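Peer 1:
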Amino acid sequence: LLGTRSTPTHALAAVPVEGPPLTVDGFVEAFLQELHFGQGVQLDRSTVNDQYLALARTVMHYMMAEWLETGRRRRAEPTKMIGYLSAEYLLGRQLGNALLATELTEVAEEGLATLGIDLATLRSQEIEPGLGNGGLGRLAACFIDSLAVMDVPCIAYGIRYEYGIFRQTFFNNRQLEVPDNWLRLGSPWEFPHPERAVQVDFGGHTERTSDENGREHVQWVPSWNVQGIPYHYMVPGYDNKAVNTLRLWSAQATDAFNLQIFNSGDHAEAVRSQTFAENISKVLYPEDSTPQGRELRLQQQYFFVACSLHDYIEHTLPADFDLRKLPDQIIWQLNDTHPVIAIPELMRILVDVKGFEWAEAWDITKRCFAYTCHTLLPEALEVWPVDVIGRLLPRHLEIIFRINEDFLIEVRERFPGDELRVRRMSIIAEHPERAVRMAYLASVAATKINGVAALHSELLRDKVLPDFSEMWPDKFTNVTNGVTPRRFLRLANPKLSELITEVLGDERWVTDLDRLSGLEAYADDASFREKFRQVKAANKTRLFELLKRRDGIDVAPDNMLDVMVKRLHEYKRQSLKLLHIVHLYESVVSGRRDISDIVPRTFVFGAKAAPGYHMAKETIFLINSVAEKINSDSRMQGRLAVVFPANYNVTLAERLIPAADLSEQISLAGKEASGTGNMKFALNGALTIGTDDGANVEIRKLVGDDHFFLFGMSEPEVAELGARGYVPSSFYEQNEDLRRAVDLLGSGEFTGSNRDAASTVVNDLLWNDRFMALADFQSYVEAQARVDAAYADTEAWTRSAILNVARTGFFSSDRSMRDYLDRIWLR
Ligand code: GLG
Numbered sequence: 027l028l029g030t031r032s033t034p035t036h037a038l039a040a041v042p043v044e045g046p047p048l049t050v051d052g053f054v055e056a057f058l059q060e061l062h063f064g065q066g067v068q069l070d071r072s073t074v075n076d077q078y079l080a081l082a083r084t085v086m087h088y089m090m091a092e093w094l095e096t097g098r099r100r101r102a103e104p105t106k107m108i109g110y111l112s113a114e115y116l117l118g119r120q121l122g123n124a125l126l127a128t129e130l131t132e133v134a135e136e137g138l139a140t141l142g143i144d145l146a147t148l149r150s151q152e153i154e155p156g157l158g159n160g161g162l163g164r165l166a167a168c169f170i171d172s173l174a175v176m177d178v179p180c181i182a183y184g185i186r187y188e189y190g191i192f193r194q195t196f197f198n199n200r201q202l203e204v205p206d207n208w209l210r211l212g213s214p215w216e217f218p219h220p221e222r223a224v225q226v227d228f229g230g231h232t233e234r235t236s237d238e239n240g241r242e243h244v245q246w247v248p249s250w251n252v253q254g255i256p257y258h259y260m261v262p263g264y265d266n267k268a269v270n271t272l273r274l275w276s277a278q279a280t281d282a283f284n285l286q287i288f289n290s291g292d293h294a295e296a297v298r299s300q301t302f303a304e305n306i307s308k309v310l311y312p313e314d315s316t317p318q319g320r321e322l323r324l325q326q327q328y329f330f331v332a333c334s335l336h337d338y339i340e341h342t343l344p345a346d347f348d349l350r351k352l353p354d355q356i357i358w359q360l361n362d363t364h365p366v367i368a369i370p371e372l373m374r375i376l377v378d379v380k381g382f383e384w385a386e387a388w389d390i391t392k393r394c395f396a397y398t399c400h401t402l403l404p405e406a407l408e409v410w411p412v413d414v415i416g417r418l419l420p421r422h423l424e425i426i427f428r429i430n431e432d433f434l435i436e437v438r439e440r441f442p443g444d445e446l447r448v449r450r451m452s453i454i455a456e457h458p459e460r461a462v463r464m465a466y467l468a469s470v471a472a473t474k475i476n477g478v479a480a481l482h483s484e485l486l487r488d489k490v491l492p493d494f495s496e497m498w499p500d501k502f503t504n505v506t507n508g509v510t511p512r513r514f515l516r517l518a519n520p521k522l523s524e525l526i527t528e529v530l531g532d533e534r535w536v537t538d539l540d541r542l543s544g545l546e547a548y549a550d551d552a553s554f555r556e557k558f559r560q561v562k563a564a565n566k567t568r569l570f571e572l573l574k575r576r577d578g579i580d581v582a583p584d585n586m587l588d589v590m591v592k593r594l595h596e597y598k599r600q601s602l603k604l605l606h607i608v609h610l611y612e613s614v615v616s617g618r619r620d621i622s623d624i625v626p627r628t629f630v631f632g633a634k635a636a637p638g639y640h641m642a643k644e645t646i647f648l649i650n651s652v653a654e655k656i657n658s659d660s661r662m663q664g665r666l667a668v669v670f671p672a673n674y675n676v677t678l679a680e681r682l683i684p685a686a687d688l689s690e691q692i693s694l695a696g697k698e699a700s701g702t703g704n705m706k707f708a709l710n711g712a713l714t715i716g717t718d719d720g721a722n723v724e725i726r727k728l729v730g731d732d733h734f735f736l737f738g739m740s741e742p743e744v745a746e747l748g749a750r751g752y753v754p755s756s757f758y759e760q761n762e763d764l765r766r767a768v769d770l771l772g773s774g775e776f777t778g779s780n781r782d783a784a785s786t787v788v789n790d791l792l793w794n795d796r797f798m799a800l801a802d803f804q805s806y807v808e809a810q811a812r813v814d815a816a817y818a819d820t821e822a823w824t825r826s827a828i829l830n831v832a833r834t835g836f837f838s839s840d841r842s843m844r845d846y847l848d849r850i851w852l853r
């Protein structure tokens with residue numbers, strides 16, 4: 027009876043569920059109830075963790091009624107829904123958002139205060155679930171927030187990694203990685219459903235039989251399996267009583283598998299098999315914008331996708347559902363190529379399990395998937411060796427081959443005699459080894475393919491997948507990324523939110539961000555500008571207090587705050603930022619510039635490097651080394667400072683972004699697909715210094731050239747320089763400032779006279795510089811001089827900052843979701 031529904035006939039079974047009363051007293055009572063009966067402890071004996079867990083559970087009681095009601099409502103009137111498939115969700119802390127969603131923040135604050143408990147303390151007790159690497163995972167979290175807010179039916183599927191993105195610490199200026207044991211203090215937000223476990227098969231071989239009509243049947247005979255246990259999380263809307271579900275899968279050994287070995291007396295082997303199975307959801311691969319071609323990663327991908335499809339088809343759809351109508355019921359959105367193995371999986375289910383003819387199954391499958399690409403780096407497109415897939419998923423490999431065969435026939439029909447094109451487009455690459463190009467598989471099957479910013483979608487169409495766009499121009503579309511205004515403005519910046527609400531008259535902007543345009547008029551109002559500055563100053567104070575507590579870092583209160591936070595990656599060019607800093611420092615210590623001529627600035631970095639990414643880790647080391655030297659050099663008089671708090675994550679972002687004056691978005695044009703940090707900064711009133719890349723292009727268009735510091739080559743210029751042959755050392759030789767900065771960096775000045783310690787980065791810049799930092803240096807330094815000049819005019823700067831807020835409502839992820847609905851999901 028596992029998993030079967032028990033339906034009591036008692037009248038009480040239909041009683042509507044209600045949360046506790048929305049009053050301070052009601053809240054306090056519910057909280058104490060949770061403390062006593064949930065945590066089993068009395069207030070005077072309770073720890074902060076007890077209180078945090080009880081508080082989380084209390085807030086969940088309020089959301090629960092809405093969750094249940096949303097489910098009931100959706101089942102009563104089924105409409106097409108979104109199945110969001112993502113290997114990452116970088117959620118950030120849950121408590122603050124849950125309080126916001128239930129409008130309980132003040133009630134909780136007041137109620138807890140009557141018990142002598144400080145809400146902020148409990149909030150800081152939460153360990154954020156870091157189940158993602160960076161932009162891609164955070165985007166997924168913003169999207170599911172928006173879908174709930176818009177009351178769009180969506181189940182988000184992913185993996186419940188036991189360890190999320192590693193915790194970064196620094197030792198001797200180098201990055202050390204500490205496992206992120208985010209579950210260690212309990213995890214109140216999740217509901218495990220072991221009774222809804224799904225078995226997932228791996229390995230083995232396939233067998234063929236013919237039935238009496240001569241029709242061939244394929245049987246996959248797997249050699250091992252695991253089970254996926256779903257954990258459900260609430261995804262609350264805002265002020266709309268809708269709560270969606272995030273369903274994350276955890277891997278466990280199947281009982282039968284275990285018991286057999288255990289009974290044979292081999293206890294060690296039984297434990298080993300258990301460990302082996304659990305490894306699948308053990309840890310998030312810490313790679314960002316580079317694929318990790320390990321077999322375990324493919325296991326993870328198939329694991330969560332197989333669980334999710336099974337869960338939907340067998341547990342969510344009505345038992346008698348006619349699968350020919352599947353495309354009317356669901357669209358599976360593939361968040362990058364990580365879940366693309368879902369395509370052959372659906373084919374396998376339809377053909378092998380449900381008995382569909384191939385052609386009909388393919389027709390259904392083609393209408394069930396859409397694919398989002400998040401990159402422009404060719405090396406970041408996932409490719410799986412044929413023998414790895416064959417060993418792990420032999421049936422899926424056959425299916426992929428068959429899809430490819432049919433597809434290549436189609437290509438030959440469309441472009442007769444063009445065998446070069448056929449080879450280029452084949453889902454199977456032949457060199458350097460036979461491998462499946464997952465982006466191609468996705469492109470062949472998907473109804474729509476989208477990039478994540480206007481420029482990116484253009485380049486995706488014309489440069490990454492040109493043959494596909496020629497064949498199916500209508501498949502290609504753009505949806506510019508967005509960020510949730512709930513977390514990244516309303517929650518992260520309460521002071522600015524209050525000010526906005528004050529002048530706009532109400533809070534409707536929180537779910538209708540275009541309303542921020544109402545701030546335009548106030549940019550010219552001196553008293554509003556003064557208030558705006560006070561907000562920024564207060565946000566800085568709040569950040570500096572945190573940095574003091576968290577990292578022991580002292581930050582000068584009055585400096586311009588210049589922030590570059592994102593994953594450490596060569597294409598993002600943290601090294602260009604570093605060259606600028608060293609250039610300023612060098613110009614002072616060489617006596618070419620007086621320190622009093624430097625506009626006081628604090629440069630903030632936040633960045634994790636993938637543990638196996640050597641160049642990125644050396645860059646972190648160098649930034650820390652430069653910071654150490656500059657910060658302790660009394661000649662700088664605090665007017666030039668570099669801080670690099672360890673372990674940049676969502677929680678820190680929420681403090682940093684509202685405090686920033688300047689946002690650094692300096693990737694080489696044509697390399698950053700979109701960026702989303704860039705949007706968060708603009709929305710919080712930081713001005714951007716940036717290249718014409720990713721969503722910067724759209725930000726600049728919206729805020730206007732006068733309120734954005736553009737520099738660097740454009741994408742066509744980059745392409746042209748690349749084609750001509752880029753020689754970084756020629757830029758070094760021709761530019762004295764650059765030469766002095768590079769020389770100083772390489773001299774050992776910052777690395778305890780150890781030249782070798784800086785050489786990895788410096789030599790690469792001089793002799794390789796794949797992302798053309800040296801070519802953009804001069805333009806960057808000039809743009810920074812314009813920043814300095816602009817910042818000196820406080821009123822004009824504030825005006826620009828306000829206009830950035832007023833003009834970036836477009837970047838709400840609610841708008842992104844509307845675009846997905848219009849252009850992809852409901853088409
Ligand atoms: C990618 C890109 C970012 C993009 C993000 C979300 O590198 O430019 O903003 O996805 O689409 N791998 C990523 O983080």
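Numbers given in UniProt numbering equal positions in the sequence shown, counted from 1, plus 26. Just so it is clear, CB atoms sit at the ideal spot from N, CA and C, and this is done for glycine as well. The structure presented is a predicted model; accordingly, all values stated were derived computationally and were not measured.
#1: Which stretch, first to last residue, makes up the beta strand (DSSP E) that contains N657?
#2: Does the beta-carbon distance from M705 to G835 come in below 8 Å?
#3: What do you reckon, are the CB atoms on L157 and L121 nearer than 8 Å?
#4: For a test of your reading of the model: does the CB of N722 fall under 7 Å from any non-hydrogen atom of the ligand GLG? Yes or no.
#5: Using 8 Å for Cβ pairs, my map puts A686 next to V589. What's the rounded Cβ distance?
#6: Please go through the same chain and pick out, in chain order, the residues whose beta-carbon is closer than 6 Å to the beta-carbon of R841, but skip the five residues on each side of it.
#7: So, does the segment 299-312 touch the segment 153-167, judging by three or more C-beta pairs under 8 Å?
#8: Under the three-state reduction of DSSP, which class applies to S838: helix, strand or coil?
#9: Between the alpha carbons of H336 and S543, how many angstroms are there, rounded?
#10: Compute the Euclidean distance between the alpha carbons of L48 and T131, then round it to the nearest angstrom.
#11: If you follow the alpha helix (DSSP H) that I415 is in, where does it begin and where does it stop?
#12: Measuring alpha carbon to alpha carbon, tell me which of I170, P344, Q318 and L423 ends up nearest T271.
#13: Going by the beta-carbon positions, is the gap between residue 24 and C399 smaller than 8 Å?
#14: Over the uninterrupted beta strand (DSSP E) stretch that includes S290, give me the two end residues.
#15: Under a three-way DSSP split, which group does R119 fall into?
#16: Is it right to say T793 is buried, meaning 16 or more other beta carbons lie within 10 angstroms of its own, or is it exposed?
#17: Taking 8 Å as the cut-off, decide whether the C-beta atoms of Q151 and N673 are in contact.
#18: Note down the Cα distance separating Y183 from M260, rounded to an integer number of angstroms.
#19: In terms of residues, what are the limits of the alpha helix (DSSP H) holding V812?
#20: Whole angstroms are fine: how far does the CA of E484 sit from the CA of Q65?
#21: Using a Cβ-Cβ cut-off of 7 Å (strictly less than) and excluding sequence neighbours within five positions of P684, which residues of its own chain qualify?
#22: Helix, strand or coil for V247 per DSSP?
#23: Provide the residue(s) that pair with R200 in DSSP beta bridges, ordered along the chain.
#24: Following a CB-centred definition, is G161 positioned closer than 7 Å to any heavy atom of the ligand GLG?
#25: State the start and end residues of the unbroken beta strand (DSSP E) segment that holds E103.
#26: How about N830 and A708: are their beta carbons less than 8 Å apart?
#27: Kindly indicate which three-state DSSP category T84 falls into: helix, strand or coil?
#28: Roughly how many whole angstroms lie between the Cα atoms of E456 and P411?
#29: Per DSSP, what are the beta-bridge partners of W275 in this structure?
#30: Which partner residues of E690 appear in the DSSP bridge assignment?
#31: Report whether the distance from the Cβ of A699 to the nearest heavy atom of the ligand GLG is below 7 Å.
#32: What do you get for V557, buried or exposed, if any count of 16 or more other CB atoms within 10 angstroms of its CB means buried?
#33: From this set, R241, F197 and D281, which residue's C-alpha is nearest A223's C-alpha?
#34: Assuming the contact rule is C-beta atoms closer than 8 Å, S112 and N361 should be a hit. Round their C-beta distance to whole Å, please.
#35: For A635, I'd like the list of residues in its chain whose CB is within less than 8 Å of its CB, leaving aside the five on either flank, ordered along the chain.
#36: To the nearest angstrom, how far is it from the Cα of Q810 to the Cα of F196?
Peer 2: With the given structure in hand:
#1: No beta strand (DSSP E) contains N657, which is instead part of the alpha helix (DSSP H) from H640 to N657.
#2: no
#3: no
#4: no
#5: 4 Å
#6: Once the five neighbours on either side are set aside, the close Cβ partners of R841 are G508.
#7: yes
#8: Strand, per DSSP.
#9: 45 Å
#10: 11 Å
#11: V412 to L418
#12: I170
#13: Given a span of 27 to 853 for the chain in the structure shown, any question on residue 24 remains unanswerable.
#14: Premise fails: S290 is in no beta strand (DSSP E) and is neither H nor E.
#15: Reduced to three states, the DSSP call for R119 is coil.
#16: Correcting the residue type first, residue 793 is Trp in the shown sequence and not Thr. Answer is exposed; the Cβ neighbour count stays below 16.
#17: no
#18: 12 Å
#19: Correcting the residue type first, residue 812 is Arg in the shown sequence and not Val. From DSSP, the alpha helix (DSSP H) with R812 extends over A799 to A818.
#20: 54 Å
#21: A518, N519, L522, N565 and N710.
#22: strand
#23: F197
#24: yes
#25: No beta strand (DSSP E) holds E103; DSSP gives it neither H nor E.
#26: yes
#27: helix
#28: One Cα belongs to E456, the other to P411, and the distance between them is close to 10 Å.
#29: I185 and P256
#30: Residue pairing by DSSP places E690 opposite I715 in a beta bridge.
#31: yes
#32: At residue 557 the sequence reads Lys, which differs from the Val that was named. It is buried - the Cβ of K557 has at least 16 other Cβ atoms within 10 Å.
#33: D281
#34: 4 Å
#35: Q201, R593, L594, A642, K643, T645 and I646
#36: 29 Å
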